[in-house]
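Asks: Structure in structure tokens, see below.
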Amino acid sequence: MSTQSYKGKDAYAGVGGTPDKMAVFQECLQQFNASPVNAKKCRQLLATLLRLLYQGESFPSSESTTLFFSISKLFQHKDSSLRQLVYLAIKELSETSQDILMVTSSIMKDIQGGDLIYKPNAIRTLAKVLDSTTVSSAERLFKNAIVDKNPIVSSAALISAYHLLPQAKDVVKRFTNESLEAVQSYKQFPPTQWQLHDFYGASTANLPSTSYMYQFHALGLLHPLRNHDKMGLMKLVTSLSEGGQLKNSLALIQLIRYISEIVTNDPALLNHLYPALASFLKHKSDMVELEACKTLVGLERHLSEDQFMSIITCLQKLLSVPRISTRFAAIRLINKISMSHPEKIMVVVPELENLINDQNRSISTLAITTLLKTMGSSSAAGSSSSTASVDRLISKMTLLMDEITEEFKIVIIEAIENLTLKFPSKHQQLVSFLTDLLREDGSLTLKSAVVDALFDLIAYLDDSSAHQLILMNLCEFIEDCEYTELSVRILHLLGQQGPQTSNPSYYIRHIYNRLVLENSVVRSSAVVALSKFAIVCGGSIAANIKTLLTRCLNDVDDEVRDRAAIALGMMKRAPDAKKLLVSDGQYDLGALESKLSSYLSTNDFTIKFPIDEIPVLSAEELKSLEYTKKMNKLEAVDTTQEASPVEGPSGAVADNGAAADALKQQQYEAELFAIPEIAAFGKLSKSSSTPIYLTEKENEFVVTAVKHVFADASKLVIQYQVSNTLSNCQLEDVSIVVESDNAAYEVEFNVPVPEIGPNGQGVVYVALSAPSLDQEDAEVLAAFGNTLIYTYKEVDDGVTDDGYSDEYQIEDLEVLSGDYVTPLYNSNFTSVYDQLSVDSDSTVVTINASSLDEVVTKLKNQLSMMPLDGSDYVPSDAASHVVKLLGKDVYGGKIAAVVRLAKTGGKIAAKVEARSDTPGMAALVCNSV
Amino acid sequence: MSANISLYQVTSVLLLDNEGHRLFAKYYHDEDHASLAQQRKFEQTLFPKINKVNEDILLYDNHLVAYKQVNDVLVVVVAKINENESLIYSVCANLTEALTILLDNSLDKNTVVEKYDMVSLAIDETVDDGIIIEIDPAIIVSRVTNPPVANAVDNIKIDISERGLFNAFSFATKKIGERLQQGI
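For the record, the sequence lines run as chains A and B.
Each residue of the first sequence is one higher than the last, beginning at 1 in full-length UniProt numbering.
Each residue of the second sequence is one higher than the last, beginning at 1 in full-length UniProt numbering.
Quick look at the structure:
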């Protein structure tokens with residue numbers, strides 16, 4: 001009986017199901033137009049209507065308007081509880097309805113003389129109903145409401161004004177004084193505030209007399225109003241941060257963000273504002289403390305050691321609070337610090353170790369990855385205690401491994417792999433940790449994560465003893481591996497790596513065991529692996545393998561027999577086969593795909609597919625591509641535990657950078673080859689990856705440039721992207737005049753843009769003949785002066801005037817060695833560097849920069865070379881640093897550079913030594929620094 | 001990482017039931033989940049990660065998600081990834097508390113549907129189009145009107161036996177908790 005009456009309450013549908021849209025619509029029209037209005041019934045109907053809307057239903061514009069109109073009839077009824085819901089319904093329907101202005105007068109009447117309980121709702125609804133032309137009529141109303149004594153009314157008005165900003169900035173601007181007054185005033189709730197609910201009982205002594213939320217809203221509104229007045233904003237921030245006037249935590253958070261913005265724009269102001277920020281580190285509310293920490297971490301490069309330590313101390317405190325969200329935020333920040341300055345968080349290691357067992361998985365994951373980073377830092381600094389800390393952590397994790405879920409284990413595996421890659425010297429303990437994991441029970445995903453990690457370590461660790469250790473462990477693993485996929489992958493790897501090791505026969509024995517014991521899929525890949533040993537090693541090994549393979553000719557499975565026969569056939573022609581097997585390069589798959597699809601779209605198959613045009617990537621280049629991808633991926637994993645694209649902003653940028661680079665290059669290529677003159681230059685060797693801004697980003701015309709080098713044809717094409725940010729003018733016949741300070745560059749032709757509309761964009765190409773490095777004394781470095789030339793026409797309501805020609809000076813563009821070089825990865829920098837002997841050059845320069853870190857990043861980008869051996873990481877207390885950079889030039893030669901940096905006073909001295917395969921390249925790099 | 005300077009701090013407020021269906025969903029200025037299909041997908045993929053996992057906060061799909069599960073209702077507040085974690089969690093926890101008070105200690109699916117007017121008003125008094133209006137639960141509650149009392153018949157208070165099992169259970173937990181705290 002009880003369930004029956006319970007369900008009867010909701011007349012439209014059972015619990016959980018959505019009420020019928022049309023039924024609700026009809027009922028609404030009927031009830032709202034009835035006379036007299038049944039308030040209780042109507043409120044329930046409105047609630048059902050809102051439920052429809054909030055669950056994702058929507059009404060077409062005509063029905064919505066009808067509803068809107070009938071709801072407006074409810075204004076006749078005086079009941080305030082009904083009125084409150086009416087406002088909510090009007091707010092939600094205002095987006096889809098027409099003629100919403102008709103309720104304006106009713107709302108305004110309520111604001112002026114209505115009941116206090118729904119006045120704030122009325123104000124907030126008014127903002128939804130008004131448009132840019134009618135705002136001014138409500139100006140007086142808003143001003144009065146902002147300065148109202150009731151904090152809720154004031155907040156509602158401030159929020160509404162904020163919503164109206166995009167539509168009516170000039171009207172809202174006039175509220176500046178009222179908002180300022182609101183920030184500084186003290187508004188108190190009326191005594192009637194708590195009447196509605198008997199939950200609090202008769203005593204209101206424990207209830208707040210105000211929440212100061214209006215301070216937060218007023219402060220939020222003041223920022224966009226003061227945005228163009230830096231001094232004004234500065235004054236506001238200073239006065240508010242000193243007086244202790246702001247009582248609301250949210251307002252303080254907002255204030256901290258403004259300070260952060262001011263200091264980011266002008267770091268010199270930090271000294272002035274730091275005391276205020278530091279005082280927030282000891283605030284009673286943890287969200288304020290957290291915000292101060294966040295801001296200070298963002299400004300970290302401008303802070304002194306002591307100042308930085310105070311952040312750490314604050315975070316340390318936050319790590320041990322009971323609130324999960326705060327702990328989570330604190331560890332997230334610490335993790336972020338650990339990416340750039342792991343040595344600074346050594347003091348919180350004990351806390352971090354406790355957090356490994358935290359009940360929240362995100363927190364424990366972050367704790368572990370952070371700890372691994374600190375370990376890395378101590379090993380990089382060469383401290384003797386590092387080994388102990390590695391051991392301790394590993395033992396702790398081994399303990400932990402038993403009690404955590406699989407997903408989480410994978411995170412740890414990835415973290416370990418990351419660490420090993422970054423700090424190869426630590427590989428021994430870490431590899432043994434991984435191989436131990438391999439021996440324990442686990443699902444396929446877990447095992448493949450471990451195998452993946454080990455594969456990567458083989459690819460990127462340059463240490464033959466490590467290779468052997470890993471390979472042996474893998475051999476052992478396949479002895480009793482239940483997963484066919486993994487066995488096959490490992491056998492493939494053994495076939496590739498095994499022959500190069502000192503004891504190939506060890507691996508052959510293991511592979512042969514597979515041949516005897518496993519299923520047909522594994523057997524056939526074992527056959528292939530064995531044949532590789534035979535072909536690469538030759539000699540007695542080949543003879544032995546021949547015997548083994550001959551036995552396989554009698555295998556029960558077709559595939560195994562076939563493969564064995566092929567392998568035996570290939571062994572007869574070993575030299576050719578060797579070339580096939582031990583190939584050094586691979587086609588650029590992206591380019592191959594786009595070429596093939598364009599070949600298919602031409603539909604002319606009489607011409608042979610031009611496979612020669614596809615660039616072949618050498619094994620080293622492939623590795624460097626994969627390495628970058630890997631590093632970015634691992635970095636991203638560090639920021640969070642989710643496999644989906646969840647990452648901090650830094651991770652997102654890096655990830656996009658790597659993945660988009662290859663795509664962008666292809667896109668540029670396609671765009672360039674659409675122009676016949678440029679297509680005639682032949683193969684595009686290299687495009688600079690990021691567009692360079694030649695104007696301020698806020699200018700009326702924004703110009704960016706991308707340089708494209710055609711090495712074979714000795715041409716340089718500059719692609720200027722011109723954007724017109726003005727909405728009332730049109731540019732015609734846009735071209736760029738390029739003047740070079742280097743006579744070796746000559747402008748060949750210019751591809752102008754006929755027209756760039758208001759807020760439009762266009763691309764201008766300028767082709768130049770470039771000097772080739774093959775020539776003697778070639779001067780490659782150059783700077784170009786650029787001038788934008790165009791006919792300027794004003795557009796007014798679609799009518800353009802005759803216009804006049806004008807020019808616009810934009811910044812110079814430099815050609816540097818980076819335009820001729822792509823980053824390259826190699827795990828053994830020293831040997832590569834020693835082998836390069838064709839050309840070498842060195843130079844000493846001083847660079848204006850405050851930190852070594854900054855210089856390293858700058859060098860990396862400017863030279864477009866890859867820092868190796870973890871040399872892009874600079875310990876923050878170091879006074880000197882060595883960066884090892886490797887790249888490949890457009891002619892296919894390698895180029896390596898060792899840059900020794902030392903701090904001297906406020907400047908940084910750099911000694912650059914460069915060596916290259918291509919003559920002239922080394923000098924070029926030195927001159928580019 | 002530049003912090004969000006604007007007042008638009010919350011990107012969505014959701015109430016989900018114990019099967020991941022939405023009881024309430026409102027997205028504010030959220031470009032990533034502009035269409036209904038995107039929103040549904042977000043909710044459905046998020047749900048298994050937060051259902052019966054009382055971890056309060058997580059990063060998901062480039063968003064910061066704070067949530068609270070009470071009986072069979074999940075209260076979720078979503079914000080941008082670099083928003084202040086403690087702030088967003090406070091909004092979520094305090095909204096949950098306000099709803100609990102408004103629904104007479106029985107925040108569950110049936111009651112939410114039954115008193116949908118109170119629920120939607122409470123959320124509207126907490127977040128307006130992405131701007132946080134108020135985080136103190138007592139003040140949020142004080143802003144929400146009770147339904148009008150039209151007929152005397154409807155005014156009869158429902159006996160405790162008529163409330164669902166959840167209500168009785170959560171009522172009991174609360175009372176026991178209070179007693180324990182008083183040391184009785």
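Where is the CB? At the ideal position from N, CA and C, for every residue including glycine.
1. By the DSSP assignment, the alpha helix (DSSP H) with I90 (chain A) in it spans what residues?
2. Could you tell me the distance, in whole angstroms, from the CA atom of D806 (chain A) to the CA atom of N84 (chain B)?
3. Kindly list, in the order they appear in chain A, the residues whose Cβ is closer than 7 Å to that of F24 (chain B).
4. Exposed or buried, what is N110 (chain B) when buried is set at 16 or more other beta-carbons lying within 10 Å of its beta-carbon?
5. If I measure Cβ to Cβ from L592 (chain A) and keep anything under 6 Å in the same chain, skipping five residues before and after, which residues do I get?
6. Considering only residues of the stretch 290 to 368 of chain A, which uninterrupted alpha helix (DSSP H) runs meet the minimum length of 4 residues and lie entirely inside it, listed in chain order?
7. Report the three-state DSSP secondary structure of G20 (chain B) (helix, strand or coil).
8. One question on the structure: do D733 (chain A) and P758 (chain A) come within less than 8 Å of each other, judged by their Cβ atoms?
9. So, at 8 Å on beta carbons, what are the nonlocal neighbours of I71 (chain A) in its own chain, with the 5 sequence-adjacent residues on each side left out?
10. Give a yes or no on whether the C-beta atoms belonging to I111 (chain A) and A122 (chain A) are separated by under 8 Å.
11. Taking 8 Å as the CB-CB limit, is L87 (chain B) close to chain A?
12. Mind listing which residues of the stretch 354 to 373 of chain A have their C-beta closer than 9 Å to chain B's C-betas, in chain order?
13. Taking G113 (chain A) as the reference, which of A:T822, A:Y54, A:K41 and A:K78 has the closest Cα?
14. If you follow the alpha helix (DSSP H) that G742 (chain A) is part of, which residue opens it and which one closes it?
15. Which residues in chain A have a C-beta closer than 9 Å to the C-beta of residue 253 (chain B)? List them in chain order.
16. Ignoring anything shorter than 3 residues, give me the beta strand (DSSP E) runs that lie fully in the stretch 840 to 916 of chain A, in order along the chain.
17. Measure the alpha-carbon distance for S531 (chain A) versus D562 (chain A) and round it to whole angstroms.
18. To the nearest angstrom, how far is the alpha carbon of P342 (chain A) from that of T374 (chain A)?
19. Counting along the chain, where does the beta strand (DSSP E) carrying T791 (chain A) start and finish?
20. To which residues of the same chain is L371 (chain A) closer than 8 Å at the C-beta, ignoring the five residues directly before and after it?
21. To the nearest angstrom, how far is the alpha carbon of D104 (chain B) from that of A172 (chain B)?
22. Among A:A466, A:K396, A:M397 and A:D480, which has the Cα closest to the Cα of residue 934 (chain A)?
23. Consider the Cβ of H163 (chain A): report whether some Cβ of chain B lies at a distance smaller than 8 Å.
24. Inspect the beta-carbon positions of K907 (chain A) and T846 (chain A) and report whether they are closer than 8 Å.
25. Does DSSP classify I607 (chain A) as helix, strand or coil?
26. Determine the DSSP secondary structure at I5 (chain B), reduced to helix, strand or coil.
27. Counting only the same chain and skipping the five closest in sequence on each side, list residues whose C-beta sits under 8 Å from that of F784 (chain A).
28. From the DSSP output, which residues share a beta bridge with residue 963 (chain A)?
29. Which residues mark the beginning and the end of the beta strand (DSSP E) in which E261 (chain A) is found?
30. For a contact defined as C-beta to C-beta under 8 Å, what are the partners of S155 (chain A) on chain B?
31. Tell me which residues of the stretch 301 to 331 of chain A have at least one Cβ-Cβ distance to chain B shorter than 8 Å, keeping chain order.
32. Just checking my contact of V899 (chain A) with A910 (chain A) at CB under 8 Å: how many whole Å lie between their CB atoms?
33. Quick one: is M231 (chain A) near chain B, going by C-beta distance under 8 Å?
34. K683 (chain A) by DSSP, collapsed to three states: which one?
35. What in chain B is Cβ-close to G220 (chain A), meaning under 8 Å?
36. Pick out whichever of A:S241, A:V288, A:L299 and A:L886 has its Cα sitting closest to the Cα of A276 (chain A).
Replies: Judging by the given coordinates:
1. Along the first sequence, one-based indexing puts residue 90 (chain A) at 90. Its alpha helix (DSSP H) spans residues S80 to L93.
2. For this step, residue 806 (chain A) is matched to residue 806 along the first sequence. For this step, residue 84 (chain B) is matched to residue 84 along the second sequence. Roughly 49 Å between the two C-alpha positions.
3. Counting from one through the second sequence, the residue named residue 24 (chain B) turns up at place 24. In chain order: Y54.
4. Stepping through the second sequence from its first residue, residue 110 (chain B) is reached at position 110. Under this definition N110 (chain B) is a buried residue.
5. Position 592 of the first sequence, counting from 1, holds the residue named residue 592 (chain A). The answer, listed in chain order, is I614.
6. With a minimum length of 4 residues, the unbroken runs of alpha helix (DSSP H) contained wholly in the stretch 290 to 368 of chain A fall at 305 to 319, 324 to 340 and 349 to 355.
7. Here the question's residue 20 (chain B) lines up with position 20 in the second sequence. Correct three-state label for G20 (chain B): coil.
8. Translated into the one-based positions of the first sequence, residue 733 (chain A) becomes position 733. Translated into the one-based positions of the first sequence, residue 758 (chain A) becomes position 758. Cβ distance not < 8 Å, so D733 (chain A) and P758 (chain A) don't count as in contact.
9. Sequence index remark: in the first sequence, residue 71 (chain A) carries index 71 (1-based). So the qualifying residues of the chain are C28, F32, L46, V86, A89, I90 and L93.
10. Within the first sequence, the letter at position 111 stands for residue 111 (chain A). Within the first sequence, the letter at position 122 stands for residue 122 (chain A). Yes, the pair counts as a contact, with Cβ atoms nearer than the cut-off.
11. Taking the first residue of the second sequence as 1, we reach residue 87 (chain B) at position 87. L87 (chain B) counts as touching chain A.
12. Considering only beta carbons, the part of the stretch 354 to 373 of chain A lying closer than 9 Å to chain B consists of Q359, N360, R361, S362 and I363, in chain order.
13. As a working mapping, residue 113 (chain A) is identified with position 113 in the first sequence. Measuring from the Cα of G113 (chain A), the nearest candidate turns out to be A:K78.
14. Residue numbering aside, residue 742 (chain A) sits at position 742 when the first sequence is read from its first letter. In the sequence under discussion, the amino acid at residue 742 (chain A) is Asn, which differs from the Gly named in the question. No alpha helix (DSSP H) contains N742 (chain A), which DSSP labels as neither H nor E.
15. Outside the shown range of chain B (1 to 184) lies residue 253 (chain B), about which nothing can therefore be said.
16. 880 to 889, 894 to 904 and 907 to 916
17. Your numbering for residue 531 (chain A) matches position 531 in the first sequence. Your numbering for residue 562 (chain A) matches position 562 in the first sequence. Cα to Cα, the separation comes out at about 13 Å.
18. The residue given as residue 342 (chain A) occupies position 342 in the first sequence. The residue given as residue 374 (chain A) occupies position 374 in the first sequence. The alpha-carbon atoms of P342 (chain A) and T374 (chain A) are separated by roughly 5 Å.
19. Start at 1 with the first residue of the first sequence, and residue 791 (chain A) comes out as number 791. Per DSSP, T791 (chain A) belongs to the beta strand (DSSP E) from A782 to D796.
20. In the first sequence, residue 371 (chain A) corresponds to position 371, counting from 1. Cβ-Cβ distances below 8 Å link L371 (chain A) to V349, L352, E353, I356 and L393 in the same chain, with the five nearest sequence neighbours on each side left out; the list follows chain order.
21. The residue labelled residue 104 (chain B) in the question sits at position 104 within the second sequence. The residue labelled residue 172 (chain B) in the question sits at position 172 within the second sequence. Rounded to whole angstroms, the separation of the alpha carbons of A172 (chain B) and D104 (chain B) is 13 Å.
22. A question about residue 934 (chain A) goes unanswered here, because the residues of chain A that appear run from 1 up to 929.
23. What you label residue 163 (chain A) is simply residue 163 of the first sequence in a count that begins at 1. H163 (chain A) counts as touching chain B.
24. For the purposes of this step, residue 907 (chain A) is taken as the residue at position 907 of the first sequence. For the purposes of this step, residue 846 (chain A) is taken as the residue at position 846 of the first sequence. Contact flag set, yes.
25. If you number the first sequence from 1, residue 607 (chain A) lands on position 607. It is coil, neither helix nor strand.
26. Position 5 of the second sequence, counted from the start, is the residue given in the question as residue 5 (chain B). Reduced to three states, the DSSP call for I5 (chain B) is coil.
27. On the first sequence, position 784 is the one that residue 784 (chain A) refers to. Counting only Cβ-Cβ distances below 8 Å, and skipping sequence neighbours, we find I718, V738, E739, S740, D741, Y745, D812, L813, E814 and V815.
28. Shown here, chain A extends from 1 to 929; a query on residue 963 (chain A) therefore has no answer.
29. Residue 261 (chain A) sits at position 261 when you count from the first residue of the first sequence. Here E261 (chain A) belongs to no beta strand (DSSP E); instead the alpha helix (DSSP H) covers S249 to N265.
30. Your numbering for residue 155 (chain A) matches position 155 in the first sequence. Going along chain B in sequence order, the residues near S155 (chain A) (Cβ under 8 Å) are I133 and E134.
31. R323, I324, S325, T326, F328 and A329
32. Locating residue 899 (chain A) in the first sequence gives position 899, counting from the first residue. Locating residue 910 (chain A) in the first sequence gives position 910, counting from the first residue. About 6 Å separates the two Cβ atoms, so the contact holds.
33. By 1-based counting over the first sequence, the position of residue 231 (chain A) is 231. So, not an interface residue.
34. The count along the first sequence starts at 1 and reaches residue 683 (chain A) at position 683. Coil, per DSSP.
35. Against the first sequence, residue 220 (chain A) aligns to sequence position 220. The answer, in chain order, is S6, L7 and I131.
36. Counted from its first residue, the first sequence places residue 276 (chain A) at position 276. The candidate whose alpha carbon is nearest that of A276 (chain A) is A:S241.
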